Every structure is written in C-alpha cells, then in structure tokens.
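This note's numbering puts the sequence shown at residues 9 to 88. Note that CB positions come from ideal geometry on N, CA and C, so glycine has one too. Remember, predicted model here, so these are calculated numbers, not experimental data. Heads up, the thing below is written out as structure tokens.
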Amino acid sequence: TLAKAAKKVLRVLPADPDKRQQILTRVGQDLGLFQKPISQRVQASIPMDVIQKVKEFYNNDSISWQAPGKRDCITVRENG
C-alpha cells in the first residue's frame with residue numbers, strides 16, 4: 009500500500025534534516041516533480057583598455073628586451 013511504501017522510505021532517510029531535504033529534492037527532480045535549477049556561470053572579463061595597456065607595457069623597450077643568443081634565429085632543415 010501507499011502508507012507502507014511511504015513508511016519504508018521515511019525510515020531509511022538520514023536523521024539530519026538538511027540531508028533529508030537534499031535527498032528528497034534530488035529524487036523529486038529525477039522524477040520530474042521539481043524543476044532542476046539552471047545555474048549560469050558568470051565569467052569576469054578583463055576590459056579591453058586594460059589588455060591594451062598591458063600589451064603596450066610589455067612592448068615598451070625600457071621594460072622588455074631580448075638577449076642575443078641561440079633563439080634569435082631558426083634553422084629549418086628539409087628531409088632531416
């Protein structure tokens with residue numbers, strides 16, 4: 009009967025009321041009784057003027073420089 013089924017379900021639920029609510033909410037969502045929450049992630053974006061200022065900073069010759077060395081030239085070999 010319905011009463012026996014409900015009693016069995018309530019008997020096996022955890023004693024903690026928060027856990028009970030989480031379990032019953034999840035079961036209700038799985039059965040289609042409740043709507044599943046739609047979470048939208050908001051990603052913080054960096055303003056374009058900040059990006060431009062950072063690029064200008066690193067392109068400044070007094071800040072960034074290239075040391076002479078092995079990586080100044082690239083050797084391309086064919087068939088080898």
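How many Å lie between residue i and residue j at the Cα?
| i | j | result |
| --- | --- | --- |
| residue 51 | residue 45 | 19 Å |
| residue 28 | residue 62 | 51 Å |
| residue 93 | residue 30 | Look at the range of the chain in this structure, 9 to 88, and you will see that residue 93 is not part of it. |
| residue 67 | residue 55 | 19 Å |
| residue 64 | residue 58 | 10 Å |
State the DSSP-derived secondary structure class of residue i, mapped to helix, strand or coil.
| i | result |
| --- | --- |
| residue 84 | coil |
| residue 21 | coil |
| residue 59 | helix |
Judging by CA-CA distance, which residue of the options is the nearest neighbour of residue i?
| i | options | result |
| --- | --- | --- |
| residue 14 | 53, 86 and 32 | 32 |
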